[in-house]
Amino acid sequence: EKLQKASEEISQKTLETLRSIREREKDLKEKIKELEGQICRNAIGPILSELRAKYAPNKKLDEWFDDFTEDIVADFNAFLAAARDEAAEVDFTRYEVNSFVSNNPNEGAPVIRETNPIYYNLVGKVEYESRQGNLYTDFRRITPGAMHKANGGFLLLEAEELLRQFMSWDALKRVLRCRELFIENLGEQLGYIPVSSLRPEPIPIDMKVVVVGTPYLYYLLNIYDPEFQKIFKIKADFDTDMPRTKESEMRLAQFIAGFVEHEGKLNFTVSAVGEVIEWSSRLVENQNKLCTQFNKIAEILVEATAWARMDGKKLVGLSHVRKALEEKTFRSNLLEDKIREAYNEGVIKIDTKGSVVGQINGLTVAQLVDHSFGSPVRITANVYMGQEGIVNIEREVNMTGPIHNKGLLILSSYLGRKYAQDFPLSMTARIAFEQTYGGVEGDSASSTELYCMLSALSGIPLKQGIAVTGSVDQFGNIQPIGGVNEKIEGFFSYCKVFGLTGEQGVMIPHQNEQHLMLSHEVLEAVRKGKFHIWSVKTIDEGIEILTDVKAGTPQANGEYPAETIHAKVKTCLEAWIERSFKHKKKMQDKVDPPEDKKKSKGKKKSRKFEESDQ
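The number in this note's numbering is simply the position in the sequence shown, starting from 1, with 7 added.
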């Protein structure tokens, strides 16, 4: 018993001793670990203190430095083993930094232009790596989007491209509205089965977004997106032209020089630069303005350089610029050539010589995507007694637009004001655009139609060598039109084919003088007197040029001098109204005879009855 008791006491003391040893070993290990951690912190501290001071104050970065230090302390043995064994490697990837966005503080605010604004290019994404059929990712695979790169600066986007991309417009609005940017996959937004992945914290966003687009898209977004005006509060309109001054001409010349240097093209001579400047004014159809669509100007610079190199020249001259412009037109004018061919072959009739009553040459403009050209069209008028007024044949078959119809009604108002102050206007006039099989729109031929009608009413022929364009108001004032250069050049080309007589030309509104930017061929013909351009202010001026007959000014009694245009027109209308009254009276007498005739007929009948009674 004593031995058993002693054995139990020894066992108990042994267990206590072992327990004490384990506790002391544990304490020792903890103290060693603390000592190692302290040594490690002392080694890392000075390095991190420099970084802390460099980026201070930054609470989140300080937290990351603390976590970084504790992680190294926790994995101290791995570093120690690697130090003792050169073959051992330490995985430092966990301590790598994902340089998400890097901006140079000395370069100012970032300006980012995103040309392909798909969803992930705007908001960023989390990339994945395939390993044996499984997808893996980590924080290093979080990539930034354009909005991250533009944070603190400016983001430039094209409206059309942005609206084409799925979810991009909504993502942009959400960021601008919330001022925070979440990086998340599209699958999570579309309600697909969620996949376990990284969820980065939202990043505060402070940037200016510039969306460039057409006025059409701007107004569409204003109408159909109620958030558009709230988010995009500033609108900037960029004009397509600028005033033509010496300063603006110099700036355009500087643009040409800068483009040539940047693109490695040949230098331009002074005359070549001048020709480009003239063509710039032609683009906006105004002598006092220059075009600001520099992409179109750049195209001509490139083509002119190509022609100069093909010619073996070291400088781009005047002839090379003109050649580039001619070739540019040639590539787009197939339809114009086909229509001109129809005129040349007589398929479409046009007169450029002689004089005809009730016929005149009007001018039309065909506007294609990349080319516009003018063509003459015969306008004819027939007038006779009636009550229908002015009837446009194209309008009767629904081939005219509302603006053209408005111009026709203005003609009726002009005739009523001019000639129907003493008697009612009683006439029928039918006007037609001969051999036109498409629609007719616009009021630029309203003055032409009026000249044609005055000719038909007065019986005075109009010169067929003069084409006319211009709208008119109710008082007979000529108003400006568009496409004046194309119209003049178009009629000139036909006159040149049929033969220039020196009496041909085009009559235009005086307001369009500033818009004349004609080709060198037309200008040369005008200088030599082979072709003419008249600018008029009123119908009276125009009709005198077309007929060589005075229009006529009302005298004190309100009548026009004899043998004038207005006198002949008024005489015709008065004769028609008088004949109309006589005709109506004659027809009325047939239906309802006068009282005296009825009485005479009654007496004759009574006498016959008396004779029969006898």
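Cβ atoms here follow ideal geometry from the backbone N, Cα and C, with glycine treated the same way. Note that this is a predicted model, so its numbers are computed, not measured.
Span of the alpha helix (DSSP H), counted from its first residue to its last, around P644: Examination of residue 644 is not possible in this model, given that the chain is present from 8 through 621 alone.
Length-filtered (4 minimum) alpha helix (DSSP H) runs lying within the stretch 333-406: Fully enclosed alpha helix (DSSP H) runs of 4 or longer: 341-351 and 400-403.
Per-residue DSSP class, three states only, for K132: If you number the sequence shown from 1, residue 132 lands on position 125. It is a strand residue.
Entirely enclosed beta strand (DSSP E) segments - the stretch 109-157, minimum 3 residues: If we require 3 residues or more, the beta strand (DSSP E) runs fully inside the stretch 109-157 come out as 118-120, 136-138 and 141-143.
Validate contact between the stretch 551-571 and the stretch 324-333 using beta carbons, cut 8 Å, 3 pairs: With the rule of 3 Cβ pairs closer than 8 Å, the stretch 551-571 does not count as touching the stretch 324-333.
Limits of the alpha helix (DSSP H) - the one that T554 falls within: Residue mapping note: residue 554 aligns to position 547 of the sequence shown, counting from 1. T554: member of the alpha helix (DSSP H) spanning I546 to T554, first to last residue.
Outcome for C47 when other beta-carbon atoms lying within 10 angstroms are tallied against a minimum of 16: By 1-based counting over the sequence shown, the position of residue 47 is 40. Flag for C47 reads buried.
Exposure label - E8; buried when at least 16 CB within 10 Å: As a first step, residue 8 must be located in the sequence shown, where it is residue number 1. Label assigned to E8: exposed.
Cβ neighbour criterion (16 or more within 10 Å) applied to Y126: The residue you call residue 126 lines up with position 119 of the sequence shown. Per the 10 Å Cβ criterion, buried.
Own chain partners of A260 with C-beta closer than 6 Å, once the 5 adjacent residues on each side are dropped: Residue 260 sits at position 253 when you count from the first residue of the sequence shown. Only V280 meet the Cβ criterion.
At least three beta-carbon pairs within less than 8 Å, the stretch 32-49 to the stretch 66-83: Using a C-beta cut-off of 8 Å, the stretch 32-49 makes contact with the stretch 66-83, since at least three inter-stretch Cβ pairs fall below that distance.
I584, DSSP secondary structure in three states: In the sequence shown, counting from the first residue as 1, residue 584 sits at position 577. Looking at I584 - three-state DSSP - the assignment turns out to be helix.
Short Cβ contact (8 Å threshold) for R437 with V404: Indexing the sequence shown from 1 puts residue 437 at position 430. Indexing the sequence shown from 1 puts residue 404 at position 397. Cβ distance not < 8 Å, so R437 and V404 don't count as in contact.
For E548 and V491, the rounded distance between their alpha carbons: Residue 491 sits at position 484 when you count from the first residue of the sequence shown. Residue 548 sits at position 541 when you count from the first residue of the sequence shown. Taking the straight line from one Cα to the other gives about 19 Å.
Per DSSP, cross-strand counterpart(s) of Q486: The residue you call residue 486 lines up with position 479 of the sequence shown. Within the DSSP secondary-structure output, Q486 pairs in a beta bridge with S478.
Beta bridge counterpart(s) of H655 as assigned by DSSP: Lying outside 8 to 621, the shown extent of the chain, residue 655 is not represented and no answer is given.
Rounded separation between K612 and K591 - CA only: Walking along the sequence shown from the start, residue 612 turns up at place 605. Walking along the sequence shown from the start, residue 591 turns up at place 584. With a pLDDT of only 49 at K612, under the threshold of 50, the placement of this residue in the model should not be trusted; the figure read from the coordinates follows. Their Cα atoms are separated by approximately 29 Å.
Alpha-carbon spacing of V104 relative to D69, whole angstroms: Locating residue 104 in the sequence shown gives position 97, where the first residue counts as 1. Locating residue 69 in the sequence shown gives position 62, where the first residue counts as 1. When rounded, the distance between both Cα atoms is 15 Å.
As assigned by DSSP and simplified to three states, the class of K5: Any property of residue 5 remains undetermined from this structure, which presents the chain solely from 8 to 621.
Cut-off 6 Å between Cβ atoms - residues of its own chain near E493, not counting five sequence neighbours on either side: Position 486 of the sequence shown, counted from the start, is the residue given in the question as residue 493. Within the same chain, E493 has close Cβ partners V372, S379, F380 and G381.
Three-state secondary structure (DSSP) of M460: Within the sequence shown, numbered from 1, the residue matching residue 460 stands at position 453. DSSP places M460 in helix when its eight states are reduced to three.
Reduced DSSP secondary structure (H/G/I, E/B, other) of A436: In the sequence shown, residue 436 corresponds to position 429, counting from 1. In this structure, A436 counts as strand in the three-state DSSP scheme.
Contacting residues, own chain, Cβ-Cβ under 6 Å from R614 (five flanking each side not counted): As a working mapping, residue 614 is identified with position 607 in the sequence shown. At R614, the pLDDT of 48 sits below 50, so the modelled position is not reliable; the number obtained from the coordinates is stated separately. So the list is empty, once near-sequence residues are dropped.
Neighbourhood of D620 by C-beta, 6 Å cutoff - its chain only, sequence neighbours within 5 removed: Locating residue 620 in the sequence shown gives position 613, where the first residue counts as 1. Low per-residue confidence applies at D620: pLDDT is 45, beneath 50, and the placement is therefore not dependable, though the value from the model is reported in the following sentence. Leaving aside the five residues that flank D620 on each side, none in its chain has a CB nearer than 6 Å to its CB.
Contact with chain B by L55, beta-carbon distance below 8 Å: Here there is only one protein chain, and chain B is not present.
Rounded C-alpha distance that separates V479 from K413: Counting from 1 along the sequence shown, the entry for residue 479 is found at position 472. Counting from 1 along the sequence shown, the entry for residue 413 is found at position 406. Between V479 and K413, the C-alpha separation is close to 11 Å.
Own chain, CB closer than 8 Å to I386, minus 5 neighbours either side, in chain order: Numbered from 1 along the sequence shown, position 379 holds the residue referred to as residue 386. If we look at I386 and ignore the five residues flanking it on each side, its Cβ neighbours are Q366, I367, N368, G369, I438, A439, F440, E441, A452, T455, E456 and C459.
Close beta carbons around T122, own chain, < 8 Å, minus the five adjacent residues each side: Your numbering for residue 122 matches position 115 in the sequence shown. In its chain, beyond the 5 residues on either side, E165 and E168 have a beta carbon closer than 8 Å to the beta carbon of T122.
Among S462, I488 and L464, the one whose alpha carbon lies nearest that of E448: As a working note, residue 448 is residue 441 in the sequence shown. Comparing Cα-Cα distances from E448 to each of S462, I488 and L464, the minimum goes to I488.
Where F161 falls: helix, strand or coil (DSSP): Counted from its first residue, the sequence shown places residue 161 at position 154. The three-state secondary structure of F161, taken from DSSP, is strand.
Whether V576 touches L469 by CB criterion (8 Å): Residue mapping note: residue 576 aligns to position 569 of the sequence shown, counting from 1. Residue mapping note: residue 469 aligns to position 462 of the sequence shown, counting from 1. No.
E256 and I230 closer than 8 Å at C-beta: On the sequence shown, residue 256 is found 249 positions in, with the first residue counted as 1. On the sequence shown, residue 230 is found 223 positions in, with the first residue counted as 1. It is not a contact, given that the beta carbons lie outside the stated cut-off.
Expected contact under 8 Å - CB spacing of A135 and R147 to nearest Å: Residue mapping note: residue 135 aligns to position 128 of the sequence shown, counting from 1. Residue mapping note: residue 147 aligns to position 140 of the sequence shown, counting from 1. Per the sequence presented here, residue 135 reads as Tyr, with Ala not at that position. Not really, about 12 Å apart at Cβ, beyond 8 Å.
Ranges of the beta strand (DSSP E) found wholly within the stretch 252-331, counting only runs of at least 3: Scanning the stretch 252-331 from its first residue to its last, the whole beta strand (DSSP E) runs of 3-plus residues come out as 296-298.
Same chain, Cβ closer than 8 Å to G536, five either side skipped, listed in chain order: Against the sequence shown, residue 536 aligns to sequence position 529. Taken in chain order, the residues that qualify are G509.
Rounded separation between A315 and F262 - CA only: Your numbering for residue 315 matches position 308 in the sequence shown. Your numbering for residue 262 matches position 255 in the sequence shown. Approximately 19 Å, taken between the alpha carbons.
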